[in-house]
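Scroll down for the structure; my scribbles are underneath it.
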Amino acid sequence: GENVEQHPSTLSVQEGDSAVIKCTYSDSASNYFPWYKQELGKRPQLIIDIRSNVGEKKDQRIAVTLNKTAKHFSLHITETQPEDSAVYFCAARGRGTGGFKTIFGAGTRLFVKA
Amino acid sequence: NAGVTQTPKFRVLKTGQSMTLLCAQDMNHEYMYWYRQDPGMGLRLIHYSVGEGTTAKGEVPDGYNVSRLKKQNFLLGLESAAPSQTSVYFCASSYRGPAHSVFGSGTQLSVL
Numbered sequence: 111g112e113n114v115e116q117h118p119s120t121l122s123v124q125e126g127d128s129a130v131i132k133c134t135y136s137d138s139a140s141n142y143f144p145w146y147k148q149e150l151g152k153r154p155q156l157i158i159d160i161r162s163n164v165g166e167k168k169d170q171r172i173a174v175t176l177n178k179t180a181k182h183f184s185l186h187i188t189e190t191q192p193e194d195s196a197v198y199f200c201a202a203r204g205r206g207t208g209g210f211k212t213i214f215g216a217g218t219r220l221f222v223k224a
Numbered sequence: 010n011a012g013v014t015q016t017p018k019f020r021v022l023k024t025g026q027s028m029t030l031l032c033a034q035d036m037n038h039e040y041m042y043w044y045r046q047d048p049g050m051g052l053r054l055i056h057y058s059v060g061e062g063t064t065a066k067g068e069v070p071d072g073y074n075v076s077r078l079k080k081q082n083f084l085l086g087l088e089s090a091a092p093s094q095t096s097v098y099f100c101a102s103s104y105r106g107p108a109h110s111v112f113g114s115g116t117q118l119s120v121l
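Taken in sequence, the protein lines are chains A and B. Position in the first sequence (from 1) plus 110 gives the number in my numbering. Position in the second sequence (from 1) plus 9 gives the number in my numbering.
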């Protein structure tokens with residue numbers, strides 16, 4: 111079945127450095143790719159998303175890139191801050207025979223050390 | 010404007026008991042979703058609804074039922090709880106499609 115693989119599972123960076131999280135998806139029909147940030151004990155919150163007709167999107171210190179040919183997309187956080195510490199989830203949405211599906215990656219725990 | 014509200018926040022059940030989780034949204038969203046989140050795994054879609062009176066199965070629907078009798082409410086039922094259903098359950102809603110989904114604060118369910 112369709113799946114989304116996310117790497118790394120844990121990432122530790124120094125404050126001010128960049129962090130990159132990568133996801134690959136299997137369903138070539140996927141057309142929407144959101145990223146969620148989830149702080150400990152809190153709900154997931156959408157931080158950025160990208161559609162399949164766009165290769166890159168930026169929002170301040172956060173950017174997402176999409177390579178449809180290779181079926182992978184990445185989250186880039188620049189100038190990391192301690193408050194960026196959280197679990198980040200990628201997801202891929204596509205429409206299959208059973209209706210649309212959003213498949214989530216397993217998450218990346220990001221630690222930003224002050 | 011409360012957004013998405015889930016009740017209860019915590020619940021402990023014994024195997025075989027039943028319960029209903031309530032999700033309410035005040036944003037006039039058409040789409041509503043129930044996810045479960047287990048340690049080391051991402052969110053998995055249980056059931057969803059694309060409008061009042063409609064429901065559809067997600068990735069992991071077995072052991073759950075849902076109802077969307079009113080646009081603002083989406084109920085998740087467990088008829089006979091099993092320990093494998095111990096998880097954190099999140100409800101979400103969106104205007105159309107899962108883009109820009111707004112999540113509730115979650116329900117921690119433990120089945121003993």
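Think of the CB as a built atom: it goes at the ideal place given N, C-alpha and C, for glycine as much as any other residue. This one's a predicted model, so the numbers in the text were calculated from it and none came from an experiment.
Same chain, Cβ closer than 7 Å to residue i, five either side skipped, listed in chain order
| i | result |
| --- | --- |
| residue 99 of chain B | 44, 46, 52, 112, 113 and 115 |
| residue 74 of chain B | 86 and 88 |
| residue 38 of chain B | 102, 103 and 104 |
For residue i, the residue or residues it bridges with in DSSP
| i | result |
| --- | --- |
| residue 21 of chain B | B:119 |
| residue 53 of chain B | B:45 |
| residue 168 of chain A | A:173 |
| residue 40 of chain B | B:103 |
| residue 218 of chain A | A:198 |
| residue 178 of chain A | In the DSSP output, where bridge partners are listed per residue, residue 178 of chain A has none listed. |
| residue 161 of chain A | A:142 |
| residue 115 of chain A | A:134 |
| residue 64 of chain B | Paired residues: none, contrary to the question. |
| residue 186 of chain A | A:130 and A:173 |
| residue 58 of chain B | B:41 |
CB contact check: residue i to chain A, cutoff 8 Å
| i | result |
| --- | --- |
| residue 50 of chain B | yes |
| residue 45 of chain B | no |
| residue 72 of chain B | no |
| residue 114 of chain B | yes |
| residue 68 of chain B | yes |
| residue 119 of chain B | no |
| residue 38 of chain B | no |
| residue 53 of chain B | yes |
| residue 76 of chain B | no |
| residue 109 of chain B | yes |
| residue 83 of chain B | no |
| residue 19 of chain B | no |
Chain B within 8 Å of residue i, Cβ atoms only
| i | result |
| --- | --- |
| residue 211 of chain A | yes |
| residue 221 of chain A | no |
| residue 121 of chain A | no |
| residue 143 of chain A | no |
| residue 216 of chain A | yes |
| residue 106 of chain A | In the structure as shown, chain A begins at 111 and stops at 224. Residue 106 of chain A is therefore absent and cannot be evaluated. |
| residue 183 of chain A | no |
Cβ neighbours of residue i in the same chain (closer than 6 Å, five flanking residues each side left out)
| i | result |
| --- | --- |
| residue 160 of chain A | 143, 167, 174 and 176 |
| residue 217 of chain A | 197 and 199 |
Cutoff 8 Å; reference residue i; Cβ partners in own chain excluding five residues on either side
| i | result |
| --- | --- |
| residue 114 of chain A | 133, 134, 135, 136, 200, 201, 202, 213, 214 and 215 |
Take every Cβ of the region 29 to 36 of chain B, pair it with every Cβ of the region 82 to 90 of chain B, and state whether three or more of those distances are shorter than 8 Å.
yes
Pair every Cβ in the region 213 to 224 of chain A with every Cβ in the region 123 to 135 of chain A, then say whether three or more of these pairs are closer than 8 Å.
yes
Length-filtered (3 minimum) beta strand (DSSP E) runs lying within the region 68 to 93 of chain B:
74 to 76 and 82 to 87
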